[in-house]
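Read left to right, the sequence shown gives residues 3 to 188 (this note's numbering).
Built from N, CA and C at the ideal position, the CB exists for glycine as well.
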Amino acid sequence: MYLQKTEKARAELSSRSRLLGIRERAFLLMADGRQTRSRMLDLVPAAEAMVDTLIAQGYLLPMPAEAPPHAPAPPFAAAPIEVVEERSATLPAPPAEAAPAHAADAFDGKRSLATTRMFLFDLCERMFARRAPAQAETFREALRTARDRETMLEVARRMVAEIEAHAGTDRADGISARIAMLLPAE
Numbered sequence: 003m004y005l006q007k008t009e010k011a012r013a014e015l016s017s018r019s020r021l022l023g024i025r026e027r028a029f030l031l032m033a034d035g036r037q038t039r040s041r042m043l044d045l046v047p048a049a050e051a052m053v054d055t056l057i058a059q060g061y062l063l064p065m066p067a068e069a070p071p072h073a074p075a076p077p078f079a080a081a082p083i084e085v086v087e088e089r090s091a092t093l094p095a096p097p098a099e100a101a102p103a104h105a106a107d108a109f110d111g112k113r114s115l116a117t118t119r120m121f122l123f124d125l126c127e128r129m130f131a132r133r134a135p136a137q138a139e140t141f142r143e144a145l146r147t148a149r150d151r152e153t154m155l156e157v158a159r160r161m162v163a164e165i166e167a168h169a170g171t172d173r174a175d176g177i178s179a180r181i182a183m184l185l186p187a188e
């Protein structure tokens, strides 16, 4: 049986208000009507119940296994590609720089309250919007009214305390370090 996304699934994937979790959304992205259910379950272990739920909720449409609804495109004959090893004399070779060990954690941007506020808004959406919508709204309102460093730090402390209670001290410490990188010097 092949699995195809429904209009409901396309709407879920394109909307900003996410009703499904990351695994469910990832599975919807893979459901293109070209792969069988068993092949997709091989890619995502222990997802049988999730797939049944997505079908029952109308996100996926099972298609008969006789023929895929969208047959793969036939291969085409392409001209061989000639690889040119020689570099132009006008373009210098790029310098061989080693990437920093934690490139994702490097922050070269401007430190500001606005940057910190945007980070905290994003954090609020990622950590609280689905799990605790009322608490997320409280944090959003507090961030909207926070105009100085001390008020914003107070909101950040409350958010980090909640994150520590739900996600652990390591996660909270990492977020605290990121906030410290974003805040301007006093």
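**OP:** Determine the burial state of Cys126: buried for a count of at least 16 other Cβ atoms within 10 Å of its Cβ, exposed for fewer.
**Re:** buried
Original post:
So the alpha helix (DSSP H) Lys10 belongs to, where does it begin and stop?
Top reply: Unbroken alpha helix (DSSP H) run through Lys10: 9–16.
**OP:** Answer with buried or exposed for Ser90, where buried requires no fewer than 16 other C-beta atoms within 10 angstroms of its C-beta.
**Re:** Only weak support exists for where Ser90 lies, its pLDDT of 47 falling under 50; the value from the coordinates is given anyway. Exposed: under 16 other Cβ atoms inside 10 Å.
Subject >> Alpha-carbon to alpha-carbon, Arg180 and Arg151 >> reply: Going by the C-alpha atoms only, they are around 15 angstroms apart.
Original post:
Skipping 5 residues on each side, what residues in its chain have a beta carbon closer than 7 angstroms to that of Arg41?
Top reply: none
**OP:** Give the secondary structure of Leu5 by DSSP, where H, G and I count as helix, E and B as strand, and everything else as coil.
**Re:** strand
**OP:** Using only alpha-carbon positions, find the residue among Thr147, Met129, Ala144, Leu184 that is nearest to Gly170.
**Re:** Just measuring C-alpha positions, the residue of Thr147, Met129, Ala144, Leu184 sitting nearest Gly170 is Met129.
Subject >> Local Cβ density within 10 Å of Arg113, reported as buried at 16 or more and exposed below that >> reply: exposed
**OP:** Quick one: residues in its chain with C-beta nearer than 8 angstroms to the C-beta of Ala187, no 5 flanking neighbours on either side, listed in chain order?
**Re:** Arg113
Original post:
Hey, out of Ala49, Arg12, Glu9, whose CA is closest to Arg25's CA?
Top reply: Considering only Ala49, Arg12, Glu9, the residue with the shortest C-alpha distance to Arg25 is Ala49.
**OP:** May I ask you to list the residues that DSSP assigns as paired with Met65?
**Re:** Tyr4
Original post:
Nearest CA to the CA of Tyr4: which residue from Leu56, Met65, Ala28?
Top reply: Met65
Original post:
What did DSSP end up calling Arg36 once you bin it into helix, strand or coil?
Top reply: strand
Original post:
Taking just the CA atoms, how far does Arg36 sit from Met161?
Top reply: Each residue's alpha carbon lies about 44 angstroms from the other.
Original post:
Taking the alpha-carbon positions, what's the Arg132 to Glu139 distance?
Top reply: 11 angstroms
Original post:
Does DSSP put Gln137 in a helix, in a strand, or in coil?
Top reply: helix
Original post:
Thinking C-alpha only, which one of Phe123, Thr153, Arg142 is nearest Ile177?
Top reply: Phe123
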